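Asker: All residue numbers for the sequence shown refer to this note's numbering, where the first residue is 889 and numbers rise by one.
For glycine and all other residues, C-beta sits at the position ideal for the given N, C-alpha and C.
Given the structure is predicted, the values throughout are model-derived calculations rather than measurements.
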Amino acid sequence: MNKKSAILELIPRQGILPLYFYKDTEVSIGVLRALYAAGIKTVEYTNRGEAALANFREMRRVCDTELKGMYLGVGTIKNAEQARQFINAGADYIISPGLVEDAIEVANAHDLLWVPGCMTPTEIIRAEQLGAKMVKLFPGNILGPSFLSAIKELFPELLFMPTGGVDLDKDNIAAWFKAGVCAVGMGSKLITKKILEEKDYSKITELAKKANDIIQSVKTGT
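(1) Please tell me whether, using a cut-off of 6 Å, the distance from the CB of Met1022 to the nearest non-hydrogen atom of the ligand NAP is below it.
(2) Below 7 Å between beta carbons: does that hold for Leu1025 and Pro1050?
(3) Check this for me: beta carbons of Ile917 and Val962, under 7 Å apart or not?
(4) Once the 5 residues before and after Leu907 are set aside, which same chain residues still bring their CB inside 6 Å of it?
(5) What is the DSSP secondary structure of Thr1051, counted as helix, strand or coil?
(6) Using the Cα positions of Gln1104 and Arg936, report the straight-line distance between them to the nearest angstrom.
(7) So Ile904 is in the beta strand (DSSP E); what residue range does that whole segment cover?
(8) Compare the beta carbon distance of Val1069 and Phe1043 with 7 Å and say whether it is the shorter of the two.
(9) Tell me the rounded alpha-carbon separation between Gly1005 and Glu989.
(10) Taking Cβ to Cβ, would you say Met958 is nearer than 7 Å to Tyr924?
(11) Applying the criterion that 16 or more other CB atoms from any shown protein chain within 10 Å of the CB defines a buried residue, is Asp1101 buried or exposed?
(12) What is the DSSP secondary structure of Leu987, reduced to helix, strand or coil?
(13) For Pro985, count neighbouring Cβ atoms within 10 angstroms of its own Cβ and tell me buried if that reaches 16, exposed if not.
(14) By alpha-carbon positions, which one of Ala979, Leu1056, Thr1008 ends up nearest to Thr930?
(15) Is it buried or exposed for Gln1017, if we count other Cβ within 10 angstroms and need 16 for buried?
(16) On the DSSP bridge assignment, give the partners of Ile982 in chain order.
(17) How many Å lie between Ala1096 and Glu1086 at the Cα?
(18) Is the beta carbon of Val1023 less than 7 Å from the beta carbon of Ala1015?
(19) For Ala1071, which residues from the same chain have a beta carbon less than 7 Å from its beta carbon, with the 5 sequence-adjacent residues on both sides left out?
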C-alpha cells in the first residue's frame, strides 16, 4: 500500500485529525508526543507562523526517530511554493483552507495526498474533477452538519472532514458523523491556547483519548 492510500485509510479509522501550530519548537514536539501517547497516528501541523517550517523539520525528525507509524501532514498551504517547502521538509500530505490548484499540482508531482478546503458544491465539484479523494469542509461551524446532509449523496465517492468549530462534545460529533463525515478535524477545541502556554502535555493526551472514546462510541452506536 502506498502512502496516499495508507493515509486515506488511517484518517477515517482514527476518526479525528488533531491540528495545531505553536511558535516554540519544543512545545510543538511535546504536543506531538502527547498525541502519539493517546494513540494518534497522524496530525496536521498548520503553517500559520514564521517558525512553522523550521518546527516542522524538527517534528519530522522526531517522527522518524521516535514515533513509529506517525504520519505528519501540513495544513494552511495556500500556494505552490509553500507546498514545495513542506514536501521537501518531509510532509506526508498537504491540506489547504481553500481550493489551491497550483499546490495540488505540486502534491500530485510527488504522489502525495492533498486535501482541499471547500465551502460550496461548485468548489467540491472542482475538487473532485481535479482528483480529490477527501475534502475538508471549512469553516465547519458556518456550514454545519445539515450542509453535508444536503449534499452528501451528490458525492458518493468523496470523503468529507469538517474543520473549524467541531466541539469536544458527543452531540456535536455525533451530528457530524450522522451527516456522513469520515473524520473531524479538531484544533483549538482540543489543543487550547491555555494548554499550549502551560505545556500541559498530559492534558492533551487525556483530551485526545476522550475525543477518541467519543468518536468510537458514535461510530459504533454505543
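Answerer: Straight from the coordinates:
(1) With respect to the ligand NAP, the structure offers nothing, as it holds no ligand at all.
(2) As a first step, residue 1025 is located in the sequence shown; it is residue number 137 there, counting from the start. As a first step, residue 1050 is located in the sequence shown; it is residue number 162 there, counting from the start. For Leu1025 and Pro1050, yes; Cβs fall inside 7 Å.
(3) Taking the first residue of the sequence shown as 1, we reach residue 917 at position 29. Taking the first residue of the sequence shown as 1, we reach residue 962 at position 74. Not in contact: Ile917 and Val962 (Cβ atoms no closer than 7 Å).
(4) On the sequence shown, position 19 is the one that residue 907 refers to. Excluding sequence neighbours, Leu907 sits near Glu932, Thr934, Gly963, Gly1073, Gly1075.
(5) Here residue 1051 is taken as the residue at index 163 of the sequence shown, counted from 1. Thr1051: strand per DSSP, three-state reduction.
(6) Here residue 1104 corresponds to residue number 216 of the sequence shown, with the count starting at 1. Here residue 936 corresponds to residue number 48 of the sequence shown, with the count starting at 1. About 30 Å.
(7) Here residue 904 corresponds to residue number 16 of the sequence shown, with the count starting at 1. Run containing Ile904: 904-908, per the beta strand (DSSP E) assignment.
(8) As a position in the sequence shown, residue 1069 is number 181, starting the count at 1. As a position in the sequence shown, residue 1043 is number 155, starting the count at 1. No, Cβ-Cβ distance for Val1069 and Phe1043 is not below 7 Å.
(9) For the purposes of this step, residue 1005 is taken as residue 117 along the sequence shown, with counting starting at 1. For the purposes of this step, residue 989 is taken as residue 101 along the sequence shown, with counting starting at 1. So the two alpha carbons sit approximately 11 Å from each other.
(10) Translated into positions along the sequence shown, residue 958 becomes position 70. Translated into positions along the sequence shown, residue 924 becomes position 36. Yes; because the gap between Cβ atoms is below 7 Å, this pair is in contact.
(11) Sequence index remark: in the sequence shown, residue 1101 carries index 213 (1-based). Asp1101 is exposed by the Cβ-count criterion.
(12) For the purposes of this step, residue 987 is taken as residue 99 along the sequence shown, with counting starting at 1. Of the three classes helix, strand and coil, the one that applies to Leu987 here is coil, per DSSP.
(13) For the purposes of this step, residue 985 is taken as residue 97 along the sequence shown, with counting starting at 1. Pro985 should be labelled buried.
(14) If you number the sequence shown from 1, residue 930 lands on position 42. It is Ala979 whose Cα lies nearest to the Cα of Thr930.
(15) Numbered from its first residue, the sequence shown carries residue 1017 at position 129. Answer is exposed; the Cβ neighbour count stays below 16.
(16) As a working note, residue 982 is residue 94 in the sequence shown. Paired residues: Val962, Trp1002.
(17) Along the sequence shown, one-based indexing puts residue 1096 at 208. Along the sequence shown, one-based indexing puts residue 1086 at 198. If I take the Cα positions, the gap works out to 17 Å.
(18) Here residue 1023 refers to the residue found at position 135 of the sequence shown. Here residue 1015 refers to the residue found at position 127 of the sequence shown. Going by C-beta atoms, Val1023 is nearer than 7 Å to Ala1015.
(19) Residue mapping note: residue 1071 aligns to position 183 of the sequence shown, counting from 1. Cβ neighbours of Ala1071 beyond the five flanking positions: Ile899, Pro900, Gln902, Gly903, Ile904, Leu905, Met1049.
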